[in-house]
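S.K.: Quick one: this structure, given as structure tokens, is what I'll be asking you about.
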Amino acid sequence: MTPSSALFSLLLLLCFLFSSSFATLPRFQHPVKDGDSLRLLVVGDWGRKGLFNQSQVATAMGRIGEELQIDFVISTGDNFYENGLTGVDDKSFEESFTDIFTASSLQTQWYSVLGNHDYRGNVLAQLSPVLQRLDSRWICLRSFILDAEIADFFFVDTTPFVLKYWNEPENRHYDWREVAPRDQYIDNLLKENGVDLYINGHDHCLQHISSRGSQLQFLTSGGGSKAWRGTYIPNDDKLQFFYDGQGFMSMELTGWKAEMRFYDVFGRVLYGLSLGKEFKSYL
């Protein structure tokens, strides 16, 4: 492995690394079409049977996916609204996924994690391999590693870390099977380990925040359907970009550079950033 090709093979992570359970996480390998580059789309908070502009986002994703010749798609969670799936025979799976993301460029692997809305339904159904038999694109696990040659992606199920979902469910049911007791799950604490990018959904917007104290960049892609919430809560880090609307994100990675772009519901570029070895060059 040359120094240039090693840059993103270990440093580009979707989420933080499980320090004590790294070796036991399921690992998938996804060979890239072009050995010198990796292209993918990222979308979150989408599963509304085509409503709230989900169908329009899917159409735009199909066009951009075709232009980029993407290798795969990442879903950042909240895959099925409002309350996840009721079982493996829930028609919402086809109505919100199979029947919506129909473009030829999107007929590639989808790597997904759970969101808080998914936990309100039958979690084991959404994790079940039965869904992959219904649609071979679908891979959803709690936490896993994706080896995509140029980059390793660490998918981490962070919903159980939110204490209020346990203590203040607001008359909602959360399916904590295989997670409870919470203290035992939390014992596998997350730890920063050379992370450069943290990508999430949950917030129904598109967003880029850079850390003031490190080179860590936070990217939110949660505009897959219902958005326009009118909420933004500032913090101590630096807001680079914020769009309170529907859309998605693309990533193009080589051994020496990562380029990300945020698109609106029509597939128009709203914002882009390019990260090299210095990770400071914004478009």
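Per mature numbering (1 follows the signal peptide of the UniProt record, and there is no 0): the sequence shown = residues -23 to -1, 1 to 260. C-beta atoms are modelled at their ideal positions from N, C-alpha and C, and glycine is treated no differently. Because the structure is a prediction, the values reported are computed rather than measured.
(1) How far does the beta strand (DSSP E) with Val246 in it extend, from its first residue to its last?
(2) In the segment 14 to 78, which residue ranges form an unbroken beta strand (DSSP E) of at least 3 residues, counting only runs that do not cross its ends?
(3) Using 8 Å as the Cβ pair cut-off and three pairs as the minimum, do the segment 188 to 199 and the segment 109 to 122 touch?
(4) By how many angstroms is the C-alpha of Gly92 removed from the C-alpha of Phe67?
(5) Helix, strand or coil for Ala125, going by three-state DSSP, please let me know.
(6) Taking just the CA atoms, how far does Ala128 sit from Arg159?
(7) Nearest to Glu155 by CA position, among Ala102, Gly232 and Arg4, is which residue?
(8) Within a Cβ cutoff of 7 Å, which residues of the same chain sit near Asp13, ignoring the five residues on either side of it in sequence?
(9) Please give the ranges of any alpha helix (DSSP H) in the segment 128 to 214, keeping only runs that are unbroken, at least 4 residues long and fully inside the region.
(10) Tell me, to the nearest whole angstrom, how far the beta carbon of Leu62 is from that of Ser69; I am working on the premise that it is less than 8 Å.
(11) Which word fits Pro8, buried or exposed, when buried means at least 16 other C-beta atoms lie within 10 angstroms of its C-beta?
(12) In this structure, how does DSSP classify Ser227 when only helix, strand and coil are distinguished?
(13) Exposed or buried, Leu140, counting other C-beta atoms within 10 Å across all chains shown (16 or more means buried)?
(14) Select from Leu250, His150, Phe121 and Phe29 the residue whose C-alpha is nearest the C-alpha of Gln184.
(15) So the candidates are Leu17, Glu43, Arg119 and Gly200; which of them puts its Cα closest to the Cα of Phe29?
(16) Put Ser(-3) into one of helix, strand or coil per three-state DSSP.
M.R.: Considering the structure as presented:
(1) Val246 to Leu252
(2) 15 to 20 and 49 to 52
(3) no
(4) Residue 67 is actually Asp in this sequence, not Phe. Cα-Cα distance, rounded: 18 Å.
(5) coil
(6) 31 Å
(7) Ala102
(8) Thr231
(9) 140 to 144 and 159 to 163
(10) 6 Å
(11) exposed
(12) strand
(13) exposed
(14) Leu250
(15) Gly200
(16) Its pLDDT being 47, under 50, Ser(-3) is placed unreliably by the model, and nothing is read from it.
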